[in-house]
Amino acid sequence: MTKTLSTIILFTLFLSTASAQYNYNPATNDLGSAIWYGRHEIRISAGAFSTDQLIGIKTNYDTGFDFPQIISGADFIAYRYYVANWLAVGAALGADYQKGNRTNYSKQSDNAIIGKYDRCAYTAALEFTFIVIDKQRFQLYGGLAPGITLYRATSTLSKDYYNSRPYITQPLAQDEVTHEQSTHLNGQFTPLGIKSNGPLSFFFELGYGYKGIICMGLAARF
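Structure, rendered in structure tokens:
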């Protein structure tokens, strides 16, 4: 844990120093791309291999959730405000969805499908973006974002499965929908972000957390 915190602190200090070196002009109080395209930015993005996706695709003997048949991207909408030439702050809202079969996960016999499941992770986060290079047509940045996630799973048990096996005790009423819900702290660490600067631009990010290992999308500045 101490090593992780030290890495984050050193990373933040590096970005702050690098951004000042590349962007700041004390004579003009240059705000980089903010003076060309505006301080406000709206983003929409889709990510792959988020922390909640990785947890969801892991087969689990406790829940009986099989490998999902449908996996959405980690879809997010975010707002950023450029406070300085090297720093933007904002917030993000998004969701991660998976759907698949629920099985009995028997270690003594073949697994049988006993129903379906849907699971979704809704995340809200504060985002801090540290701009390293900010040119008129190009931006290089990194970021840290603490957040919180509401996890919700819904399971529908199969009526046909239990009717064909009267010797099995059905845990719930036939076709009853069960809800599992919890909240947990979440976050996103982005060591590398690349964006084309302009009123409407494309960005690509590598990181780890609620947005995924790979994240890409569109941004509008005003």
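For what it's worth, my numbering labels the leading residue of the sequence shown as 85, then goes sequentially. The beta-carbon is built from N, C-alpha and C at its ideal position, and this holds for glycine as well.
Residue i and residue j closer than 7 Å at C-beta
i	j	result
F287	K279	yes
A237	R203	yes
N188	D150	no
S156	Y121	no
Y165	R123	yes
Y163	G174	yes
K200	T240	yes
L224	N169	no
Same chain only: Cβ atoms within 6 Å of residue i, ignoring 5 sequence neighbours per side
i	result
Y235	A205, S266
S285	K279, A303
I154	K183
I36	A query on residue 36 cannot be resolved here, the shown segment of the chain reaching from 85 to 306 and no further.
Own chain, CB closer than 7 Å to residue i, minus 5 neighbours either side, in chain order
i	result
A257	The pLDDT assigned to A257 is 49, lower than 50, so where the model puts this residue is not dependable, and the model offers no usable value.
A111	Legend: pLDDT at A111 = 43, less than 50; position of this residue unreliable, value from coordinates given subsequently. Hits under 7 Å: none found.
L97	Note that L97 scores a pLDDT of 43, beneath 50, so its modelled location is shaky; the value from the coordinates is reported in the next line. Counting only Cβ-Cβ distances below 7 Å, and skipping sequence neighbours, we find nothing.
Which listed residue (the options) has its alpha carbon closest to that of residue i
i	options	result
G227	R221, V216, D136	V216
K183	G174, Q137, R221, N169	Q137
N270	G301, L177, G282, E264	L177
A172	Y201, F212, I198	F212
F160	S129, A175, Q153	S129
P275	E289, F222, G199	E289
K305	G291, C299, S242, Q220	For the record, residue 305 in the displayed sequence is Arg; it is not Lys. Of the listed residues, the one whose Cα sits closest to R305 is Q220.
F222	G277, P152, C299, M300	G277
H268	Y225, I139, M300	I139
N281	D218, F214, M300, C299	D218
Whole-number beta carbon distance between residue j and residue i, since they are thought to touch under 8 Å
i	j	result
I297	A179	Contact doesn't hold; Cβ gap of about 18 Å is too wide.
S134	G293	7 Å
Cβ contact check for the region 199–209 and the region 229–245: 3 or more pairs under 8 Å: Yes: the two stretches touch, three or more of their Cβ pairs being nearer than 8 Å.
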